[in-house]
Structures are given as structure tokens and as C-alpha cells.
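Residues 0 to 417, numbered by numbering that gives the first Met the number 0, are exactly what the sequence shown covers, in order.
A virtual CB, placed ideally from N, CA and C, is assigned to each residue, including glycine.
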Amino acid sequence: MATTKRPAKSQRSQRAGEPLEMSDILRELLRVSEKAANIARACRQQEALFQLLVQEKKDAEKNKKFAADFKTLADVLVQEVVKQNMENKFPGLGKKIFGEESNEFTNDLGEKITVELRSTEAETAELLSRVLDGNVPASEALAKVVHQDVDLSDPTLESLEIRVPQEILGIWVDPIDSTYQYIKGSADVKSNQGVFPSGLQCVTILIGVYDIQTGVPLMGVINQPFVSQNLTTLRWTGQYYWGLSYMGTNIHSPQIALSKGTGGETRTENSDGELSRPLSAVISTSENETIKAALSRVCRGGVFPAAGAGYKSLCVVQGLVDIYIFSEDTTFKWDSCAAHAILRAMGGGIVDMKECLARNPEPGLDLPQLLYHTENKGASGVDLWANKGGLIAYRSRHRLDTFLSCLIQNLGPLKTQT
């Protein structure tokens, strides 16, 4: 019988019902995250244009953490780009992509428009011009970015041969996390030991893949569109991070191992440096006073306030801090899934904070990891997908055990009030 040479990954088309190469999925997620980052950067280039893109969220879409919460056309465009690109590459997968934003947008004339990517750049520009009240140049510029191809390669993924049934996959997308910082657009914020308290550096694009049967995160991409700015052109460049954890295979983007901060992959969990280093944590600026007071004792000077749930998780991924802790219920599945998958690939994870404190766990016991496939009973709107018990993100289990032990000691009888 004659044999046929297997086509290169880039040349293969996906057949319905065929198990997917996880490297193909991850490569496409990286590509769409970079396209999304290009959209986010393009929407910030002209202040006059950017002001047209801001629209206040209403009712069930509103995050109760903020007095005023916003979505932008950039948010909606990014989410729709992810959906359409993944659907084109892997038919059927687009229907299993869920995110923070609805794709309905109301322009200044009160006209409600469903934002969808059209098959051609001209058709997308025509749709966007309706959203932007007839601003043709802006609409054409955005449509060009939306339809522009992004070519990237990652040698680490080329050697990966793991197949996964498409029917078990679900995807959470936060198209632009830390929307307030994105709208505000501060470019001159200084970091504190590598951690930015606010500014465009806190903006992230989050894409997390999970098993819809078990809720376990499998793959994650965090794209940080605004990492460094050219002071001559004022244009930004970014960086992306990825991780995969499936069936005993754990692999992540090489640049994570080179991150500055508390760790790096060359340090073992139980090294002398690991044991003697003071604990460090990144927290929300809205964290409650009981937790902040306990953390000041646990981490001494190593507590860093920062904006953006995605960015704070990224600080843990990068090794800038040991822990990201948040005691409130105003982060959501789309905020944590991507980072959780990356941290799993590194030997870490994200756990339910209140359950951890209630269990008062002994070191080495299984901890309540966040899951991504079930709604919160009795909730409505965005609260269906809230991380109701708060969260703790970590990359070293040993450091987490030490942190929890110290935190419980310092919270004492007050822990039930968190």
C-alpha cells in the first residue's frame, strides 16, 4: 500500500471530530492574542478616536467592584477576533468560547449594533463606521488591524505532539483586562521592584482553555500589549506568555524561566534561598484592611498593590512575587483561567482562598483549586462566573504552604470575616 507523507502542521486542515494537536491550538491562541494586542495598541494611538470607543457598562454586565465600569469597542473587537479566528481554524470551537463582553454596542445615536467580524476588510469597516458614528478613517484603520495577519513561530511548540479531543475544550477570554488602566492610559508609571502599581503595563489579554468535563485549566496565554514604549515614536511593544498542562505534560514559554524576581526555574523549591527568602505578595488596591494588616506582618515590606487581576497573576508567573491574594468575589473565570493553566505548567496553581483558610490545611494536602466549568448556584449576570471564595495564585507549593501557615496565624479568629 502506498503511504502519504504527513503534511506540515501549518498545512494541515482540521477535520470535524478529529482530535486536535494541542500545539496547533496553542499556536493559534498565541497568534490571535498578538492580533488582539495590535488592536489594543491601535485603539490607543489617537486620543480623539479613543474617546469614541468608551461606553459605560449597564446592569448585569457591571462589575460591582467599580462605581463606574467600562467596556470599549477594543474589548468587543478583541473578543470577536478570538472567536472568529479560532472558529475558522477549528470549526465548532468558536461556539465554546466565552468571555466578559457582550458584542452589542450602542452608538451616540442610540442605535444598537451587533459587532461581528465580516468576511472582508471593507465590510468590517462599514460595520464599524456605524458604531463610530460615520468616522470612516477610524473605521478603516481599525478594520485593517482586525484583518491583518500575524505571523509568529515558537520553536518550543514545534516539537510538541499531544492530541486532545475537541469536544472537551472550553475557552475563557478576557479581551482587555484592567480596562480602567487601558482607558486612563498612563505611560510614565514607575515600577516597585518590577511590579507596576498602575498604568498601561497592567493591561493584559487573557485566553484560558479548560476541560469542560472537569473544569481543570489546560492551556493559557497572557499577552501584555504595553511593556515598553519607544520615546521617539511613542509606539508600544508587548510580550506574551503561555503554558500547557495536560496528561502529565507540563511546558511553558521559555522567557518565564528568565524572569527576574523571587525565583526562576533553576531554583529548587527547597533550596536554602527558597527557605530563607521573605515572602512577597501582590494585592488589589481594594483589598480589605484585615487581610492587608495580616499581610504586612506575613510579608513585612514585600506587599505590592497593583491594578488588574490578569497583571497580578502575571507577576506570580514572572516570579516577581510569591503570591497573588484577593479576598473578594469580584474576579471571574475569565480573569483567572489563563494564568491558572500557566501556573499549573510550572508546578503552581490558583486556589480558593476562603476554602483554604477554612480547612486550615496541613502542608502537602490537596488544596481547593479553582475550576472553570460550573456556574455559581443562585447567582445572576457576571456573578454566575465569579470566584466566590477569593483566590490565591502561586508558583511554588512549598511557598504557598509557608504563606498559608503564616497567614492563618496572623488572621487568627478574624479569618472568618474575610
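Within 10 angstroms of the beta-carbon of Pro277 lie fewer than 16 other beta-carbons, which makes it exposed. Where Val316 is concerned, the enclosing alpha helix (DSSP H) starts and stops at 308 to 316. Taking C-beta separations shorter than 6 angstroms and ignoring five residues to either side along the sequence, the partners of Cys405 in its chain run Val297, following chain order. Classified as exposed, Gly247 has fewer than 16 neighbouring CB atoms from the shown chains inside 10 Å of its CB. Of the residues Ile112, Gln368, Ser152, the one whose Cα lies closest to the Cα of Ile24 is Ser152. Contact between the stretch 325 to 333 and the stretch 298 to 305 is absent, with fewer than three C-beta pairs closer than 8 angstroms. With fewer than 16 neighbouring CB atoms inside 10 Å of its own CB, His372 falls in the exposed class.
Using a Cβ distance threshold of 9 angstroms, Ile282 and Ala308 do not count as a contacting pair. Cβ-Cβ distances below 7 angstroms link Gly184 to Arg43, Leu199 in the same chain, with the five nearest sequence neighbours on each side left out; the list follows chain order.
In this structure, the beta-carbon distance from Leu366 to Leu399 falls below 9 angstroms. In terms of Cα proximity to Lys387, the closest of Ser379, Arg394, Val135 is Ser379. Straight across, the Cα-Cα distance linking Val226 with Ala121 is about 31 angstroms. Counting along the chain, the unbroken beta strand (DSSP E) around Asn249 starts and ends at 248 to 251. By the C-beta density criterion, Thr178 is buried, having at least 16 other C-beta atoms within 10 angstroms. The shortest C-alpha to C-alpha distance from Ser138 to any of Ala41, Ile211, Asp176 is the one to Ala41. Within the model, the alpha-carbon separation for Gly363 versus Arg234 is close to 47 angstroms. Asp382 and Thr231 have their C-alpha atoms roughly 44 angstroms apart.
If you ignore the 5 residues before and after Cys201, its C-beta comes within less than 7 angstroms of the C-beta of Ser177, Gln180, Phe195, Ala305, Ala306, Gly307, Tyr310, all in its own chain and listed in chain order. For the pair Ala337 and Pro216, the CB atoms are nearer than the 9 angstroms cut-off.
By DSSP's assignment, Asp173 forms a beta bridge with Leu205. Following the DSSP letters along the chain, one finds Trp235 in no alpha helix (DSSP H) but inside the beta strand (DSSP E) bounded by residues 235 to 245.
The three-state reading of DSSP puts Glu120 in helix, counting H, G and I together. For Ser335, the uninterrupted alpha helix (DSSP H) run begins and ends at 332 to 344, by DSSP. Going by DSSP, Lys111 is part of the beta strand (DSSP E) stretching over 111 to 113.
Under the three-pair Cβ rule at 8 angstroms, the stretch 16 to 35 does not count as touching the stretch 122 to 133. Here the alpha carbons of Ala186 and Val77 stand approximately 22 angstroms from one another. Positions of the alpha helix (DSSP H) runs, each at least 4 residues long and wholly inside the stretch 369 to 399, cannot be given because no such run exists. Inclusion of Tyr323 and Tyr209 in the CB contact set at 9 angstroms is not warranted, their separation being larger than that value. A distance below 7 angstroms between beta-carbons, with the five flanking residues on each side excluded, links Gly237 to the following residues of its chain, in chain order: Ala36, Asn222, Gln223, Pro224, Phe225, Val226. Here DSSP, grouped into helix, strand and coil, assigns Ile221 to strand. The shortest CA-to-CA distance from Glu361 to any of Gly347, Asn287, Ile407, Ala293 is the one to Ile407.
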